[in-house]
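Trainee:
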Amino acid sequence: MKEMVDHLVNTEINSQRIASVENCFGASGQPLAVPGRVLLGEGILTKECRKKPKPRVFFLFNDILVYGSIVINKRKYNSQHIIPLEDVTLETLPDTLQMKNRWMIKTSKKSFVVSAASLTERKEWLSHLEECIRHLLTKTGRQPSTEHAAPWIPDKATDICMRCTQTKFSTLTRRHHCRKCGFVVCGDCSRQRFLMPRLSPKPLRVCSLCYRQLMAEKKKEAEVDLRQPEQIDSSMTGYEPSSGDDSDKSDDDKVERWPGDAEFYASEVSWSSFHS
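If you use UniProt numbering, the sequence shown corresponds to residues 1 to 276, in order.
1) On the premise that Val9 lies in contact with Gly36, defined as a C-beta separation below 8 Å, what is that separation, rounded to the nearest angstrom?
2) Over the uninterrupted beta strand (DSSP E) stretch that includes Lys51, give me the two end residues.
3) Figure out for me which residue from Leu60, Pro31, Gly26 has the closest Cα to the Cα of Met4.
4) Are the CB atoms of Tyr77 and Phe25 nearer to each other than 7 Å?
5) Need the endpoints of the alpha helix (DSSP H) that Glu217 sits in, please.
6) Lys51: buried (16+ other C-beta within 10 angstroms of its C-beta) or exposed?
7) Which same chain residues end up closer than 7 Å to residue 280 when comparing Cβ atoms and leaving out the 5 residues on each side of it in sequence?
8) Using the three-state DSSP reduction, which class does Ile70 fall into: helix, strand or coil?
9) DSSP three-state label for Val5, please.
10) Buried or exposed for Lys254, going by 16 or more other Cβ atoms inside 10 Å?
11) Mind checking who Gln80 pairs with in its DSSP beta bridge?
12) Closer than 8 Å by C-beta to Pro31: which residues in its own chain qualify, once you throw out the five before and the five after it? Chain order, please.
13) In the DSSP assignment, find the unbroken beta strand (DSSP E) run with Glu91 in it and report its ends.
14) Short check: CB of Gly41 to CB of Ser208, under 7 Å?
15) Leaving aside the five residues before and after Pro94 along the sequence, list all residues of the same chain whose C-beta is less than 8 Å from its C-beta, in chain order.
16) Tell me whether His128 sits in a helix, a strand or coil according to DSSP, three-state version.
17) Candidates Ile70, Arg205, Pro201, Met196: which alpha carbon is nearest Lys218's?
18) Can you give me the start and stop residues for the alpha helix (DSSP H) that Arg17 sits inside?
19) Can you grab the Cα-Cα spacing for the pair Glu130 / Tyr211, in whole Å?
Below, the structure written as structure tokens:
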């Protein structure tokens, strides 16, 4: 990986690749070209969203992971998300009936599950991600992140509230998600809000159980005077504040299938490609 980065950094082909990604996101995306940044690979992964799994385009750089919704493949993307790799922890997951070759991308602000089209692709993605993360942590001297946002359990995983186990969801009875545990809960079981600065500057919806636990922790911290000023890592500001779904605002619910031989841009880049 280091050899690949050294080979591509400050090259015209790397600059062109990054410019292509910026152009695809257009004005809705953030600038991606910074000194020393290299685009290492790209591909389409299936992201487990709140309502159903959906295809998302992913771009792996040597310091960040960028993904977004596909409007026109190879031409237009939106809902850009940028994740600093030094905040990422990876966890391989077992297959389900609906999705295979899964793993979880966990960060302090957002955690979610993705899957690849094949076992080989998953191994390739995990290998490159792990090497980038390891190199960044070595370079910065940081320790791997231990606090992660809870992934949201998909809506269809349950028809009843996962806290009271009594309320049945329907068209009139909405599903909500606890921002602390990610459980699907009813309105009565998630009336409280709690300030979790790592996730958001505003109080977030939490279930009744998590609220009691968070209040107990807060009381204990106050009693022993352990509260410290919140330190904000400037390298991680400006990104989405929770593990909430990013899909429902930007595209419809049509079923999309992505061929294994789809190409990116004008070059002979395969469905999932790590550049050299």
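We put the CB at the ideal spot given by N, CA and C, even for glycine.
Mentor: Well, looking at it:
1) Beta-carbon to beta-carbon, Gly36 and Val9 are separated by about 6 Å, close enough to satisfy the 8 Å threshold.
2) It is not in any beta strand (DSSP E) - Lys51 carries neither H nor E in the DSSP assignment.
3) Ranking Leu60, Pro31, Gly26 by CA distance to the CA of Met4 puts Leu60 first.
4) Yes.
5) It spans 208 to 223 - the alpha helix (DSSP H) in which Glu217 sits, taken as one unbroken run.
6) With fewer than 16 neighbouring CB atoms inside 10 Å of its own CB, Lys51 falls in the exposed class.
7) Residue 280 falls outside the range modelled here, since the chain spans only 1 to 276, and no answer is possible.
8) DSSP places Ile70 in strand when its eight states are reduced to three.
9) Helix.
10) Note that Lys254 has pLDDT 40, beneath the 50 cutoff, so the model's placement of it is unreliable and the number below is only indicative. With fewer than 16 other Cβ atoms from the protein chains shown falling within 10 Å of its own Cβ, Lys254 counts as exposed.
11) According to DSSP, Gln80 bridges with nothing at all.
12) In chain order, Glu22 place their CB closer than 8 Å to the CB of Pro31, counting only its own chain and leaving out the 5 sequence neighbours on each side.
13) Here the beta strand (DSSP E) through Glu91 covers 89 to 92.
14) No, the pair does not count as a contact, with Cβ atoms beyond the cut-off.
15) Arg102.
16) Correct three-state label for His128: helix.
17) Shortest Cα-Cα distance from Lys218 to any of Ile70, Arg205, Pro201, Met196 involves Met196.
18) Segment 12 to 25, the alpha helix (DSSP H) holding Arg17.
19) Their Cα atoms are separated by approximately 34 Å.
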